[in-house]
Structures are given as structure tokens and as C-alpha cells.
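Down below is the structure, laid out as C-alpha cells.
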Amino acid sequence: MPSLPSSFFSSGRERRLWTCAFVAVAAIYSTLGFAGTLAARFAGTGVGEWIFAAACLLILIAVVTQGLSRRPTAAEWGVALGIAAVYALVFARMAIPTERSHLVEYGVVAICIHAALVERAARGGEVPVPALLTVAATGSLGALDEFIQIVVPNRTYDPVDMLFNVLAGVMAVGASVALAAARRWVAARKRTS
């Protein structure tokens, strides 16, 4: 596989973030054929719920720690707990585990894409609105996921799933932006005191 020229990325960190996004999307697409079978196998055993809870915790950790170079402040932890509460409420209202999985899967994709775009912008790259671009990219990748399912046996195209993929992007980006705002607020307070 040919590699992109090193000048394509603004930094090694951006390259790693795009690689993580690619790996996450590849993992999602590569499991399309047996994800339903796996979900059916774990249905009613409680294993699926534990896996889902662990995945949610990992997403929260990824959102909180993404971009941190120091210990989080009390304000950042407060925002993180608020984010956790929002995710918990959304997940509690979603009765269908496969719909929840969209929020986890595409939440990871959105975190990686958003961090890569923010990194590029911080390094002087032209990125008009990283949050909006991330949601659009996440939604597009989710739409492609659904179109692929048209040809996969025992899978169905579901436009509602595309909305969940966009919701995943909005929630992950919203969490990331909220934490960044908390970091800026804390930094501004430290400068003025």
C-alpha cells in the first residue's frame, strides 16, 4: 500500500489520529457481516451490556484525555461528569442495543477525526470549522456503512441508523468542544488571577 507523503500531515500526532480513525472505520465495516450474529449470541446473557458499558467508559476516557498534557482541573472533571450523564441518559432511553452500538462506534470515529482536524488547524492548516466537518464526515461514513449493508446478507439498509451515526458525531464533538472550552476558561482564570 503506498504511503502518503509526510508533508500531507501537519504532524506525527495528526498522522496517528487519522490512522486511528481509519482503523476504527475499517473495524466497523469489516464486522458488518457478523455483527448481528454476535449481538444475537450475547442477547440476554448480560455480556453484551458489560461490553457496551466498557465501550462507553472507554469513549468517555478518550474524550476526556484527548489532547490533555496535564491533569484535568475540577472544572474539566465537572464537564466530564456532565458529558457522562448526558451519554448515560441517551443510552438509557435507547432500548435497542444495536442503536447504542452506533453511538459507540461512530463516537470513536468522530473523536479521532475531530482531534486530527483540530491538530491540523493548530499547526496552521486550513480547517474552516473542525466540529462541523467532523459531524459531516462521521455522518458520511455512517451513510456508507448503511449503503454497504444493502449487499451484505442478513443486513438491512436503515436510514434511522444514519441519524444515529450523525448523533454520535454531534455528541462526541460536543463533548470535545465542551472540554476544550472548560480548558480555555480555566487557563483564562489562571492568567487573570
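In this text, residue positions in the sequence shown follow the working numbering: the first is 3, and each later residue adds one. For every residue, glycine included, the Cβ atom is placed at its ideal position computed from N, Cα and C. Here the structure is a predicted model, which means the values were calculated and not measured.
How about Tyr-89 and Cys-58: are their beta carbons less than 9 Å apart? yes
Specify the secondary structure class of Gly-80 as computed by DSSP and reduced to three states. helix
Take the Cβ of Ser-9 as the centre, count every other Cβ of all protein chains shown within 10 Å, and call the residue buried at 16 or more, exposed below. exposed
Pick from Ala-26, Val-131, Ala-112 and Arg-122 that is closest to Ser-13, judged by C-alpha positions: Arg-122
State yes or no: is the C-beta of Leu-135 nearer than 8 Å to some heavy atom of the ligand ZN? Judged by which ligands are present, the structure shown has none, so any question about the ligand ZN falls away.
For the 8 Å Cβ check, are there 3 or more pairs between the region 122-139 and the region 148-166? no
Where does Phe-11 land, buried or exposed, given buried means 16+ other C-beta within 10 angstroms? buried
Here's the rule: buried if 16 or more other CB atoms are within 10 angstroms of the residue's CB, otherwise exposed. What is Ser-195? exposed
Identify whether Ser-195 lies in helix, strand or coil by the three-state DSSP scheme. coil
Report the residue from Lys-192, Arg-191, Ala-180 and Tyr-108 whose alpha carbon sits nearest the alpha carbon of Leu-83. Ala-180
Candidates Ala-117, Val-175 and Leu-105: closest to Arg-18 by CA position: Ala-117
Please check the pair Met-173 and Leu-105, which I expect to be a contact at CB under 8 Å, by giving their CB distance rounded to whole angstroms. 7 Å
Using the beta-carbon count (16 or more within 10 Å), is Leu-134 buried or exposed? exposed
With DSSP collapsed to three states, give me the class of Met-96. coil
Please report how far the alpha carbon of Arg-186 lies from the alpha carbon of Ala-55, in whole angstroms. 30 Å
With a Cβ-Cβ cutoff of 9 Å, do Val-188 and Thr-75 count as a contact? yes
Helix, strand or coil for Arg-186, going by three-state DSSP, please let me know. helix
Beta-carbon separation (whole angstroms), Val-154 vs Leu-34, contact threshold 8 Å: 5 Å
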